[in-house]
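The working numbering puts the first residue of the sequence shown at 1, with every later residue one more than the last.
Think of the CB as a built atom: it goes at the ideal place given N, C-alpha and C, for glycine as much as any other residue.
Everything on this sheet refers to the single structure shown next.
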Amino acid sequence: MADLRREKTRMIQKDPGLFWALLAIWIALGIFILYPVVRLVGMAFMPDGHFSIATLREAFQDTYTVKALSNSLWLALAVSATGTILGYLFALLVTRTAMPKAMKALLSAVTLLPLISPPFTSSISLSLALGPNGYLLKLFHIPDFQIYGFLGTWLSETLTYFPVAYMVISAVLETMSANLDDAAMSLGASSGRILRTVTIPLSMPGIANSFLLLFGSSLADFATPLILGGHQFPVLPTQAYLEITGMFDLHSGASLSLMLLVPTLIVFWLQRVVVGGKNYVTVTGKSGAQSAFSPLPVVMKVVISLVCALVLAFVLYLYGIILVGSFVKTWGITNTPTMANYQYACKFGRKAITDTLKIAFVSTILGSMLGVVIGFILQRKQFIGHRLLEIGSMLNYALPGTVVGIAYIIAFNKKPFLLTGTMTILVAAYVFRYYATSIRSVMASLEQIDPTLEEASASLGASTAGTFLHVTVPLVIPAVLTGLRYLFIHSMTAISATIFLVSVRWTLLTSRILESMTELQFTQACAFSIILIIIVFIADGLMTWALHMYSVHFLKTKEATK
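As structure tokens, this is what we get:
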């Protein structure tokens with residue numbers, strides 16, 4: 001153990017770039033993750049300046065709180081499993097079938113719909129479709145159907161978060177080498193056997209990372225259970241939110257939220273056990289001509305296509321409700337077509353739109369850069385504190401958004417870090433909470449790339465920074481794209497943390513939507529939601545085009561140097 005530590009210390013001494021990068025990362029994590037958490041824990045367990053577990057003891061003695069903890073775990077496991085499976089099916093359909101490019105683009109665009117709108121918006125559309133007097137229940141003459149509770153919450157969260165699994169897994173499947181499929185086919189393996197023994201095992205990093213991300217997303221979600229869970233299906237994030245905003249009890253709310261850290265860390269450890277001890281390298285510097293991937297079995301292709309088509313149709317129907325609602329005068333009463341809702345949104349929501357775009361742009365750039373650097377360092381470098389950095393960088397993602405928001409208010413409401421009411425606190429909340437996908441996607445892609453490619457660059461005299469920029473980054477472009485898209489989408493649509501951080505100087509579209517809903521202005525809320533969806537779709541298309549052009553330029557440069 002001592003020899004290993006000395007070796008890691010020597011590696012840092014030989015690589016000054018790694019030392020300065022780690023120093024900058026730890027300073028950033030210390031200020032924007034560890035410091036707020038310490039202040040939060042201090043408020044939860046030292047309410048009077050003295051250590052006490054009385055609040056936590058009371059929580060565990062409360063049967064309603066224990067029920068909420070159990071519900072949170074079961075819900076997170078169910079959403080993680082079904083969302084990862086659904087995301088894998090969509091990823092297979094896009095990356096392993098001869099689907100026209102136009103259809104793939106359409107499928108990817110529709111898949112993003114649940115992600116590019118606030119979670120409470122999809123919950124409301126689901127309530128209108130399957131709740132009391134829901135449109136679908138009337139259409140199919142289904143009486144006495146209960147959408148509220150576990151079923152509705154699970155369905156809504158699965159539809160909301162499965163695109164995360166799709167984005168992460170598709171990035172891994174696209175990076176995979178087709179030569180392995182070709183070798184397996186030359187040995188007589190069927191397409192089904194190749195899928196079972198080659199494709200699925202090699203995509204385990206993406207599967208495990210998707211499960212972890214979905215588990216954390218479900219544990220942190222308070223908006224969906226708040227709308228669809230009700231009193232019969234309490235969960236800890238909702239209870240913590242109600243304690244903080246309803247009872248104004250920061251101590252109890254913080255204690256309830258901190259209870260979610262233990263299951264998150266357990267799942268994180270299990271993910272490391274499943275993936276950590278195996279080799280998933282498929283991209284090396286010795287590959288020959290690239291061949292085609294093995295086609296999916298015919299029956300499986302038909303089943304996957306049918307499942308994906310049904311899911312897409314249901315998603316389109318749910319968001320069709322939002323679209324129709326934005327053009328009517330009064331929801332459910334007067335269905336007269338009108339443009340007044342959009343006129344209202346453009347007149348009274350212009351500042352929210354511009355502020356949201358500024359904050360999302362800055363958060364996306366900074367978060368993606370930081371996520372790629374941390375993912376590369378964690379996957380490729382060995383140093384003292386490696387595991388601590390991995391856990392610390394993911395901590396804000398594991399915490400419920402409401403707790404992150406409260407922690408930031410506590411930590412940054414007075415000197416030396418007086419940031420409340422500024423753009424900085426909003427950007428920091430987004431960056432250090434949602435760059436997790438960028439980190440996990442980069443790590444999953446680097447699992448498949450042979451380190452000898454970077455070692456060859458270093459042996460030719462390239463610096464660590466030069467090797468990273470000119471060798472590593474181009475090879476993980478799909479993962480970079482995943483991180484960019486995820487960061488921008490959540491910077492545009494997140495509400496749980498930033499609802500406590502908005503101010504008169506800086507406001508957000510999501511807060512305007514929530515205000516419209518609480519004031520029963522459903523048609524205006526629908527109009528704001530449609531504007532938000534259009535903005536994210538346009539920006540996502542521009543990011544995809546820019547990264548595609550960069551990839552084409554890189555390939556042309558590579559060919560010219562041969």
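Rounded C-alpha distance that separates residue i from residue j
| i | j | result |
| --- | --- | --- |
| Leu542 | Pro478 | 15 Å |
| Leu89 | Glu174 | 14 Å |
| Ile266 | Leu310 | 34 Å |
| Leu106 | Ile25 | 38 Å |
| His386 | Cys526 | 46 Å |
| Thr97 | Pro295 | 6 Å |
| Gly375 | Leu250 | 34 Å |
| Phe537 | Met176 | 27 Å |
| Val281 | Ile449 | The predicted position of Val281 is uncertain, since its pLDDT is 49 and thus under 50; a value taken from the coordinates is nonetheless stated next. For Val281 and Ile449, the distance between alpha carbons rounds to 5 Å. |
| Gly30 | Gly17 | 20 Å |
| Phe19 | Phe468 | 15 Å |
| Leu460 | Met300 | 47 Å |
| Val404 | Pro36 | 8 Å |
| Tyr241 | Pro234 | 12 Å |
| Trp269 | Gly216 | 13 Å |
| Tyr135 | Leu306 | 23 Å |
| Lys138 | Pro132 | 10 Å |
| Ile425 | Ser503 | 11 Å |
| Thr284 | Ala184 | Its pLDDT being 49, under 50, Thr284 is placed unreliably in this model, and the value from its coordinates should be taken loosely. Approximately 18 Å, taken between the alpha carbons. |
| Gly392 | Val442 | 17 Å |
| Ser491 | Val198 | 36 Å |
| Val66 | Ser52 | 20 Å |
| Asn563 | Glu447 | No information on residue 563 is available, as it lies outside the stretch 1 to 562 that the chain covers here. |
| Phe211 | Ala458 | 35 Å |
| Met339 | Leu86 | 37 Å |
| Arg350 | Leu509 | 9 Å |
| Leu484 | Ile142 | 42 Å |
| Phe361 | Arg193 | 44 Å |
| Val566 | Ser218 | With the chain running from 1 to 562 in the structure shown, residue 566 is simply not present. |
| Gln146 | Met517 | 23 Å |
| Ala289 | Pro474 | Legend: pLDDT at Ala289 = 49, less than 50; position of this residue unreliable, value from coordinates given subsequently. So the two alpha carbons sit approximately 19 Å from each other. |
| Thr63 | Leu357 | 44 Å |
| Ser511 | His470 | 41 Å |
| Arg57 | His50 | 16 Å |
CB-CB length for residue i against residue j, believed under 8 Å
| i | j | result |
| --- | --- | --- |
| Val427 | Ile531 | Between Ile531 and Val427 the Cβ distance is about 22 Å, and since that is not below 8 Å, they are no contact. |
| Leu487 | Tyr408 | Rounded, the Cβ-Cβ distance is 18 Å, inconsistent with contact. |
| Leu318 | Ser125 | 4 Å |
| Leu75 | Phe150 | 7 Å |
| Ile33 | Phe314 | Incorrect: roughly 37 Å between the Cβ atoms, too far for contact. |
| Ile321 | Ala129 | 6 Å |
| Gly367 | Arg505 | Contact doesn't hold; Cβ gap of about 22 Å is too wide. |
| Leu378 | Leu388 | That pair is no contact at about 11 Å. |
| Thr402 | Pro237 | 7 Å |
Sub-8 Å separation of residue i and residue j beta-carbons
| i | j | result |
| --- | --- | --- |
| Ile513 | Ser496 | no |
| Thr498 | Ala429 | yes |
| Ser326 | Leu214 | no |
| Ala411 | Arg39 | yes |
| Ala59 | Ser255 | yes |
| Leu163 | Thr493 | Here residue 163 is Pro; the residue named in the question, Leu, does not match the sequence. Cβ atoms of Pro163 and Thr493: not closer than 8 Å. |
| Thr507 | Ala352 | yes |
| Ile200 | Ala91 | no |
| Gly229 | Thr153 | yes |
| Ala171 | Thr482 | yes |
| Ala189 | Gly83 | no |
| Thr160 | Pro114 | yes |
| Ser186 | Pro297 | no |
| Lys101 | Val94 | no |
| Ile244 | Ile489 | no |
| Val476 | Leu312 | no |
| Gly253 | Ile384 | no |
| Leu341 | Thr121 | Note on residue identity: the sequence assigns Asn, not Leu, to residue 341. Their beta carbons are not under 8 Å apart, which means Asn341 does not touch Thr121 by this criterion. |
| Ala44 | Leu195 | no |
| Leu112 | Asp540 | yes |
CB contact check: residue i to chain B, cutoff 8 Å
| i | result |
| --- | --- |
| Leu419 | Absent here is chain B; the protein component of the structure consists of one chain. |
Determine contact between the region 398 to 407 and the region 440 to 455, defined as no fewer than three beta-carbon pairs at a distance below 8 Å. Contact fails: fewer than three Cβ-Cβ distances are below 8 Å.
How about the region 223 to 236 and the region 61 to 78: do they share at least three Cβ pairs that are nearer than 8 Å? At 8 Å Cβ cutoff, the stretches touch.
Is the region 438 to 448 touching the region 363 to 381, taking contact as three or more C-beta pairs under 8 Å? yes
Runs of alpha helix (DSSP H) lying entirely within the region 169 to 198, each at least 4 residues, in chain order: 179 to 186 and 191 to 194
Which parts of the region 428 to 478 are runs of the alpha helix (DSSP H), unbroken and 4 residues or longer, counting only runs that do not cross its ends? 436 to 446, 452 to 459 and 464 to 467
Taking the runs of the alpha helix (DSSP H) that are 4 residues or longer, which of them lie wholly in the region 97 to 125? 101 to 111
Whole runs of the beta strand (DSSP E) within the region 379 to 424, excluding any shorter than 3 residues: none
Every unbroken alpha helix (DSSP H) inside the region 127 to 157 [4 residues or more]: 135 to 139
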